[in-house]
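Before any comments, here is the structure.
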């Protein structure tokens, strides 16, 4: 599956925790999985619709053994 991107807000309204914390707790961690998250302000001009998605700059969270 090609890398994809999605833009999220900075917190989870249901749990009042940061999106980074929520992603760390809920992302798949099986072989081949990799989720990276970064601040949009650290990635100006980033195109979330590009396929495959480009790697992020200044990654704040990396989850999964394939990262």
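Numbering (the working numbering), first residue to last: 11 to 77. Idealized CB from N, CA, C, for every residue including glycine. Just so you know, these numbers come straight off a predicted model, no measurement behind them.
C-beta atoms of residue i and residue j nearer than 9 Å
i	j	result
residue 74	residue 44	yes
residue 59	residue 15	yes
residue 41	residue 63	no
Other residues of its chain near residue i: CB distance less than 6 Å, five sequence neighbours each side excluded
i	result
residue 72	46
residue 48	66, 68, 69, 70
Whole-angstrom C-beta distance between residue j and residue i, which should lie under 8 Å
i	j	result
residue 29	residue 19	6 Å
Same chain only: Cβ atoms within 7 Å of residue i, ignoring 5 sequence neighbours per side
i	result
residue 13	62, 63
Residue i - partner residues in DSSP beta bridges
i	result
residue 56	DSSP, once it has assigned bridges, lists no residue as partnering residue 56.
residue 47	71
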